[in-house]
Amino acid sequence: ELTQEQQTLLNFIVDAYNKHRIPQDMAKKLLQEQFNTEENFILLTEMATSHVQVLVEFTKNIPGFLTLDHEDQIALLKGSAVEAMFLRSAQVFTRKMPQGHTELLEERIRRSGISEEFMTPMFNFYKSICNLQMMQEEQALLTAITILTPDRPYVKDQRAVERLQEPVLDVLRKLCALQHPQEPQYFARLLGRLTELRTLNHHHAEMLTSWRMS
Amino acid sequence: PASNLGLEDIIRKALMGNLED
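Sequence lines, in order, name chains L and U. FYI, the numbering for the first sequence is 1 to 214, going by our numbering. FYI, the numbering for the second sequence is 1001 to 1021, going by our numbering.
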């Protein structure tokens, strides 16, 4: 069972995760309007900006984050933004959505001008997240763990970051054992997604360059 | 527009401000 302290940490992170989302009117634009390639690019860029703002608001609410050195806070957010964004957007393909919405979104991303070599690993990731059928709590904790990764570039006090990440990892490990008693490997599978995210992160800069070119 | 800002600028601005207000 989770201790009282762990339950409080879990509630705090899940509440913050649910509270900070992409504004609904922006999310709606993705589904409702037709855009040419350039407008599509601008819309997806605005979405990315909004994702980062939402990510920062969520992160500010992770217990202890604001006690870290200010420049370390920025280094952590910079290092994890792309990964957290992929994680959050994977939700779109996990949740049950009204008929046709998933296809429409996929179509919009596929027609964004991003080249096929980057598209395939991205959709493979979305599929692998979808297969996990993560609970909201697991998604929120995994995002917090991604953000609190001590070995990001330019992080000075890695130990301080570890001290924040470890309790969140413990809660996630326990939660996985409680919610998936038949699947002892579930926690390891979740952590495996973090490795996949790192790979996507590495490809991301290259992907943006090719996207801008096209 | 925000979309012209770099990632670090967006993070710094968001950390300083409070979007909830």
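Beta carbons: idealized from backbone N, C-alpha and C, even for Gly.
Assign L:Q165 to buried or exposed, taking buried as 16 or more other Cβ atoms, counted over all protein chains shown, within 10 Å of its Cβ. One-based indexing of the first sequence puts residue 165 of chain L at position 165. Buried is the label assigned to L:Q165, since at least 16 other Cβ atoms lie within 10 Å of its Cβ.
With 16 other Cβ atoms within 10 Å as the buried cut-off, status of L:T209: Position 209 of the first sequence, counted from the first residue, corresponds to residue 209 of chain L. Only exposed fits L:T209, as fewer than 16 other CB atoms lie within 10 angstroms of its CB.
Determine contact between the segment 125-141 of chain L and the segment 166-175 of chain L, defined as no fewer than three beta-carbon pairs at a distance below 8 Å. Touching, yes, given that three or more Cβ pairs across the two stretches are closer than 8 Å.
Provide the residue span of the alpha helix (DSSP H) that contains L:Y216, from first to last. Lying before the first or after the last residue shown, residue 216 of chain L is absent from chain L, which here runs from 1 to 214.
Is the shortest distance between the beta-carbon of L:L77 and the beta-carbons of chain U less than 8 Å? Start at 1 with the first residue of the first sequence, and residue 77 of chain L comes out as number 77. For L:L77, at least one C-beta of chain U is nearer than 8 Å to its own C-beta.
Thinking just about the alpha-carbon of each residue, which of L:L194, L:D72 and L:M213 is nearest to the one in L:V155? Numbered from its first residue, the first sequence carries residue 155 of chain L at position 155. Among L:L194, L:D72 and L:M213, the Cα nearest to that of L:V155 belongs to L:D72.
Distance, L:V54 Cα to L:I109 Cα: By 1-based counting over the first sequence, the position of residue 109 of chain L is 109. By 1-based counting over the first sequence, the position of residue 54 of chain L is 54. Each residue's alpha carbon lies about 21 Å from the other.
Please confirm whether L:W211 and L:I114 have their CB atoms less than 8 Å apart. Residue mapping note: residue 211 of chain L aligns to position 211 of the first sequence, counting from 1. Residue mapping note: residue 114 of chain L aligns to position 114 of the first sequence, counting from 1. Their beta carbons are under 8 Å apart, which means L:W211 touches L:I114 by this criterion.
To which residues of the same chain is L:K29 closer than 7 Å at the C-beta, ignoring the five residues directly before and after it? In the first sequence, counting from the first residue as 1, residue 29 of chain L sits at position 29. Leaving aside the five residues that flank L:K29 on each side, the residues in its chain whose CB is nearer than 7 Å to its CB run, in chain order, L43.
Roughly how many angstroms lie between the CA atoms of L:L200 and L:T149, to the nearest whole one? Taking the first sequence and counting its residues from 1, one reaches residue 200 of chain L at position 200. Taking the first sequence and counting its residues from 1, one reaches residue 149 of chain L at position 149. Straight-line measurement puts the Cα of L:T149 at about 16 Å from the Cα of L:L200.
Put L:P167 into one of helix, strand or coil per three-state DSSP. Taking the first sequence and counting its residues from 1, one reaches residue 167 of chain L at position 167. Looking at L:P167 - three-state DSSP - the assignment turns out to be helix.
Does any residue of chain U have a CB that is nearer than 8 Å to the CB of L:Q231? Since the first and last residues shown for chain L are 1 and 214, residue 231 of chain L lies out of range.
In whole angstroms, what separates the C-alpha of L:F125 from that of L:H202? In the first sequence, residue 125 of chain L corresponds to position 125, counting from 1. In the first sequence, residue 202 of chain L corresponds to position 202, counting from 1. In this structure, the CA atom of L:F125 is about 14 Å from the CA atom of L:H202.
Could you give the DSSP three-state label for L:H180: helix, strand or coil? Reading the first sequence from its first residue, position 180 is the one you call residue 180 of chain L. Reduced to three states, the DSSP call for L:H180 is coil.
What is the DSSP secondary structure of L:M122, counted as helix, strand or coil? Numbered from its first residue, the first sequence carries residue 122 of chain L at position 122. DSSP, read as helix, strand or coil, puts L:M122 in helix.
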